[in-house]
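**Q** Numbering (my numbering), first residue to last: 176 to 619. Built from N, CA and C at the ideal position, the CB exists for glycine as well. Since the structure is predicted, the reported quantities are computational estimates derived from the model, not experimental observations.
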């Protein structure tokens with residue numbers, strides 16, 4: 176990790192008052208209007224004193240006044256992955272590919288394996304602070320919701336952090352993409368009301384142990400029942416063959432489309448939302464997966480079935496995990512880092528140790544004040560947090576997933592009821608093609 180390239184004073188934990196998503200900072204991906212087109216670039220300097228912004232394009236560096244930037248610059252959408260439970264290492268290639276898109280700037284908040292990465296005390300296996308609840312409270316205090324255009328959650332983040340943000344912020348929570356649908360479970364602790372207008376797009380797996388002993392239909396119905404009857408900004412895909420840690424190909428096929436749908440839904444454009452959700456359906460079909468899409472509208476839940484419909488089967492039992500060798504306890508630091516996705520995926524103990532040393536150097540260089548220096552205190556807290564993340568990084572074993580087996584099922588059922596399957600014989604190898612997804616309303 177190139178620690179020297181990071182401005183630690185701009186870290187949300189350190190800087191104090193939270194940044195707004197419209198604020199321009201060095202490193203931000205932007206589009207600069209050039210004649211009648213937009214050209215992708217990066218902010219390489221923002222000088223508040225001279226009121227200028229410098230933008231690096233392929234053709235060179237351009238200087239703009241702040242007044243000009245208001246009409247000539249458009250920021251890329253900032254996506255924030257909430258790390259605990261999101262599979263940042265296992266799905267890192269997919270997250271990095273998302274961050275390579277010119278229209279997306281992807282960051283990762285926190286890290287798995289540190290002290291806050293455990294369930295709250297109201298859970299059977301929970302613990303007191305620090306835990307995922309206090310981690311979520313820190314994200315709210317840091318103003319993450321003002322910084323990000325879209326949040327991406329995995330299992331534990333969806334179960335604990337997103338409901339906490341809903342409880343604290345309501346409809347101010349940015350559009351959210353939730354893998355495993357942890358927010359739509361019967362969770363321990365106080366009941367959290369599903370927001371009225373905040374956008375939530377979920378990806379559920381039929382081979383995910385989150386499903387429990389429910390049938391596929393019961394699982395989908397329970398998910399629908401978690402959503403308030405007035406909500407018109409919620410959707411979920413149910414993919415029968417998806418596992419708890421989604422197959423790489425499933426994430427590759429769906430993640431970008433789900434993010435685009437969530438972003439457009441927050442702007443009120445249902446036509447664009449359905450276009451993105453339809454693209455996700457088509458991508459899943461191409462890799463041999465079918466499933467169900469359900470989404471809320473003014474007239475209630477709607478359903479579309481697409482691709483091969485496989486017979487319902489219960490999730491496979493969890494494989495036992497080998498016990499971990501004994502280690503010294505995790506350092507107590509819990510300051511939350513927000514790192515570019517490339518740095519988060521490639522992190523190492525040494526990279527976090529370098530960030531910790533850099534933060535301590537910055538703290539030591541600040542002038543001593545008799546009234547105290549909150550920035551200096553937060554830099555030291557950030558350094559302690561980096562030592563904890565360095566400890567957690569030592570526990571990472573190299574992980575790789577075999578290529579997913581996109582095998583067609585032995586028997587197709589219910590796609591859609593009464594629909595025929597047409598065979599395109601123009602190719603050497605017959606190719607099964609499916610009619611377009613049909614839509615039907617569901618009762619609330």
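Counting C-beta neighbours from all protein chains within 10 Å, is the total for residue 616 16 or more, i.e. buried, or is it exposed?
**A** One-based indexing of the chain shown puts residue 616 at position 441. Burial call: exposed.
**Q** Who are the Cβ neighbours of residue 195 in its own chain at under 6 Å, not counting the five residues just before and after it?
**A** Within the chain shown, residue 195 is the residue found at index 20, counting from 1. So the list reads 321, once near-sequence residues are dropped.
**Q** At 3 residues or longer, what runs of the beta strand (DSSP E) sit wholly inside the region 507-542?
**A** 513-515
**Q** Using a Cβ-Cβ cut-off of 7 Å (strictly less than) and excluding sequence neighbours within five positions of residue 201, which residues of its own chain qualify?
**A** Here residue 201 is taken as the residue at index 26 of the chain shown, counted from 1. Result list for residue 201: 182, 218, 219, 220, 221, in chain order.
**Q** Between residue 465 and residue 481, is the Cβ-Cβ spacing less than 7 Å?
**A** To locate residue 465, count along the chain shown from 1; it is residue 290. To locate residue 481, count along the chain shown from 1; it is residue 306. In this structure, residue 481 lies closer than 7 Å to residue 465 by Cβ.
**Q** Quick check: the Cα distance between residue 374 and residue 441, rounded to an integer number of angstroms?
**A** Counting from one through the chain shown, the residue named residue 374 turns up at place 199. Counting from one through the chain shown, the residue named residue 441 turns up at place 266. Distance between the alpha carbons of residue 374 and residue 441 is about 6 Å.
**Q** Got a sec, what are the start and stop residues for the alpha helix (DSSP H) residue 270 sits in?
**A** Sequence index remark: in the chain shown, residue 270 carries index 95 (1-based). First-last of the alpha helix (DSSP H) with residue 270: 267-275.
**Q** Among the residues of its own chain, which have a CB less than 7 Å from the CB of residue 568, if the five just before and after it don't count?
**A** Taking the chain shown and counting its residues from 1, the one referred to as residue 568 is at position 393. Only 522, 523, 524, 527 meet the Cβ criterion.
**Q** Can you tell me whether DSSP reads residue 181 as helix, strand or coil?
**A** Reading the chain shown from its first residue, position 6 is the one you call residue 181. Three-state result, residue 181: coil.
**Q** When you compare only the Cα positions, how much space is there between residue 261 and residue 381?
**A** In the chain shown, counting from the first residue as 1, residue 261 sits at position 86. In the chain shown, counting from the first residue as 1, residue 381 sits at position 206. Using only the alpha carbons, I get a separation of about 18 Å.
**Q** Taking the alpha carbon of residue 199 as the reference point, which residue from 189, 214, 253 has its own alpha carbon closest?
**A** Taking the chain shown and counting its residues from 1, one reaches residue 199 at position 24. The option with the nearest alpha carbon to residue 199 is 253.
**Q** Taking all protein chains shown into account, decide if residue 451 is buried (16 or more other Cβ within 10 angstroms of its Cβ) or exposed.
**A** What you label residue 451 is simply residue 276 of the chain shown in a count that begins at 1. Under this definition residue 451 is a buried residue.
**Q** Quick test of the definition: if touching needs 3 or more C-beta pairs under 8 Å, does the region 547-565 touch the region 507-517?
**A** yes
**Q** Spatial neighbours of residue 335 within its chain, please: CB distance less than 7 Å, with the 5 preceding and 5 following residues excluded, ordered by chain position.
**A** Here residue 335 is taken as the residue at index 160 of the chain shown, counted from 1. Closer than 7 Å at the Cβ level, and outside the excluded window around residue 335, lie 294, 295, 307, 308, 311.
**Q** According to DSSP, is residue 397 helix, strand or coil?
**A** Along the chain shown, one-based indexing puts residue 397 at 222. DSSP places residue 397 in helix when its eight states are reduced to three.
**Q** Residue 602: buried (16+ other C-beta within 10 angstroms of its C-beta) or exposed?
**A** Position 427 of the chain shown, counted from the start, is the residue given in the question as residue 602. Note that residue 602 scores 35 on pLDDT, short of 50, meaning its location in the model is unreliable and no value can be drawn from it.
**Q** Would you call the region 409-423 and the region 467-480 touching, i.e. three or more CB-CB distances under 8 Å?
**A** yes
**Q** Going by DSSP, name the residue or residues bridged to residue 446.
**A** As a working mapping, residue 446 is identified with position 271 in the chain shown. Answer is none; residue 446 lacks a bridge partner.
**Q** Should residue 429 go down as buried or exposed, given a rule of 16 or more other Cβ atoms within 10 Å for buried?
**A** Residue 429 sits at position 254 when you count from the first residue of the chain shown. Looking at its Cβ environment, which holds 16 or more other Cβ atoms inside 10 Å, residue 429 is buried.
**Q** Quick check: what's the CA-CA separation for residue 351 versus residue 330?
**A** For the purposes of this step, residue 351 is taken as residue 176 along the chain shown, with counting starting at 1. For the purposes of this step, residue 330 is taken as residue 155 along the chain shown, with counting starting at 1. Roughly 13 Å between the two C-alpha positions.
**Q** For residue 490 and residue 384, which I take to be in contact (beta-carbon distance under 8 Å), what is that distance rounded to the nearest angstrom?
**A** Numbered from 1 along the chain shown, position 315 holds the residue referred to as residue 490. Numbered from 1 along the chain shown, position 209 holds the residue referred to as residue 384. Contact holds; Cβ gap of about 5 Å.
**Q** Which ranges does the alpha helix (DSSP H) cover as unbroken runs of at least 4 residues, wholly within the region 326-407, from first to last along the chain?
**A** 337-344, 391-400
**Q** Between the region 223-241 and the region 265-276, do at least 3 Cβ pairs fall closer than 8 Å?
**A** no
**Q** Have a look at residue 286 and residue 353 and give me their C-alpha separation to the nearest angstrom.
**A** On the chain shown, residue 286 is found 111 positions in, with the first residue counted as 1. On the chain shown, residue 353 is found 178 positions in, with the first residue counted as 1. Inter-residue distance for residue 286 and residue 353 is about 17 Å (C-alpha atoms, whole angstroms).
**Q** Counting only the same chain and skipping the five closest in sequence on each side, list residues whose C-beta sits under 6 Å from that of residue 634.
**A** In the structure as shown, the chain begins at 176 and stops at 619. Residue 634 is therefore absent and cannot be evaluated.
**Q** Is the CB of residue 553 under 7 Å away from at least one CB in chain D?
**A** Absence of chain D from the displayed structure is noted, only one protein chain being present.
**Q** What are the boundary residues of the beta strand (DSSP E) that includes residue 299?
**A** In the chain shown, residue 299 corresponds to position 124, counting from 1. Looking at the DSSP string, residue 299 is not in any beta strand (DSSP E), and its letter there is neither H nor E.
**Q** Using the three-state DSSP reduction, which class does residue 258 fall into: helix, strand or coil?
**A** In the chain shown, the residue the question calls residue 258 occupies position 83. In the structure shown, residue 258 sits in coil (DSSP, three-state: anything other than H, G, I, E or B).
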